Amino acid sequence: MSVRLPVLVAMALGAAACSSASSTGAAAPPAPAAAPAPSGPVANATPAPAPAPAPRVRNIDPTGMYDVNITAQGNPMAINAVIEKKADGTWGGTVTGDAIPPLPIRSVTVTGNSVKLVVTAPDGGDAFITMVVDGTDISGDWSMAGDGSKITGKKRAK
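Residue 1128 is where the sequence shown starts when you use the numbering used here, and the numbers rise one by one after that.
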């Protein structure tokens, strides 16, 4: 038996059931008429207003002293970063620690409460420190060729 025959039988039974009178013997009321189509062009709906722009996040002032805990070559280390505003309006400073010589901060980029430093590492390469400053608390990470870790720390009060 083909699959089409049972489908046709089911359709015929459904059509017959829909066309028969109800159990009271009265005919089913006619279906409501569809609304007439508009005769002219339809006006476009009013467009939704554009969403309000996101509030601009204000950049923090990164100047100050930061006490930062890192792990370097598998060893915990405390370092200090001092960020100062230079005469040309940019920032610079120095990173120091017990096991490292003073390292110059070559650039400082601030986005909201994120402070990114590019530091000249002891080997002459670049070291990158990203600090997220929340009040006086610091979190983030640092990296350089072959090393890096998460960081924590505090920003000292001015």
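Note that beta-carbon positions come from the ideal geometry of N, C-alpha and C, so glycine has one too.
Predicted model, so just to flag it, every value in this text is computed and none were measured.
Pick from the options: whose alpha carbon is nearest that of residue i?
{"i": "Pro-1249", "options": "Val-1209, Glu-1211, Gly-1201, Gly-1224", "result": "Gly-1224"}
{"i": "Lys-1281", "options": "Met-1271, Gly-1275, Asp-1264", "result": "Asp-1264"}
{"i": "Ser-1270", "options": "Val-1237, Gly-1201, Thr-1238, Ala-1214", "result": "Gly-1201"}
{"i": "Val-1259", "options": "Met-1204, Ser-1241, Gly-1275, Asp-1274", "result": "Ser-1241"}
{"i": "Pro-1182", "options": "Gly-1239, Ser-1276, Ile-1256, Thr-1247", "result": "Gly-1239"}
{"i": "Leu-1244", "options": "Pro-1203, Val-1195, Pro-1180", "result": "Val-1195"}
{"i": "Thr-1279", "options": "Asp-1215, Pro-1180, Val-1237, Met-1204", "result": "Met-1204"}
DSSP three-state call for residue i: helix, strand or coil?
{"i": "Pro-1229", "result": "strand"}
{"i": "Thr-1217", "result": "coil"}
{"i": "Ile-1187", "result": "coil"}
{"i": "Asp-1250", "result": "coil"}
{"i": "Gly-1275", "result": "strand"}
{"i": "Gly-1280", "result": "strand"}
{"i": "Ala-1208", "result": "strand"}
{"i": "Thr-1263", "result": "coil"}
{"i": "Asn-1202", "result": "strand"}
{"i": "Lys-1243", "result": "strand"}
{"i": "Thr-1173", "result": "coil"}
Exposed or buried, which one is residue i when buried takes at least 16 other CB atoms within 10 Å?
{"i": "Pro-1174", "result": "exposed"}
{"i": "Gly-1262", "result": "exposed"}
{"i": "Asp-1208", "result": "Per the sequence shown, the amino acid found at residue 1208 is Ala instead of Asp. When all chains shown are included, Ala-1208 counts as buried."}
{"i": "Val-1184", "result": "exposed"}
{"i": "Gly-1220", "result": "buried"}
{"i": "Ala-1284", "result": "exposed"}
{"i": "Gly-1267", "result": "buried"}
{"i": "Ser-1150", "result": "Only weak support is given to the placement of Ser-1150: the predicted model assigns it a pLDDT of 47, under 50, and the value that follows is read from those uncertain coordinates. It counts as exposed."}
{"i": "Ala-1254", "result": "buried"}
Since residue i and residue j should fall inside the 8 Å C-beta cutoff, what is the C-beta to C-beta distance between them, to a whole number of angstroms?
{"i": "Ile-1210", "j": "Ile-1187", "result": "Their Cβ separation, rounded to whole angstroms, is 11 Å, which puts Ile-1210 and Ile-1187 out of contact at 8 Å."}
{"i": "Pro-1189", "j": "Val-1235", "result": "6 Å"}
{"i": "Gly-1252", "j": "Ala-1272", "result": "6 Å"}
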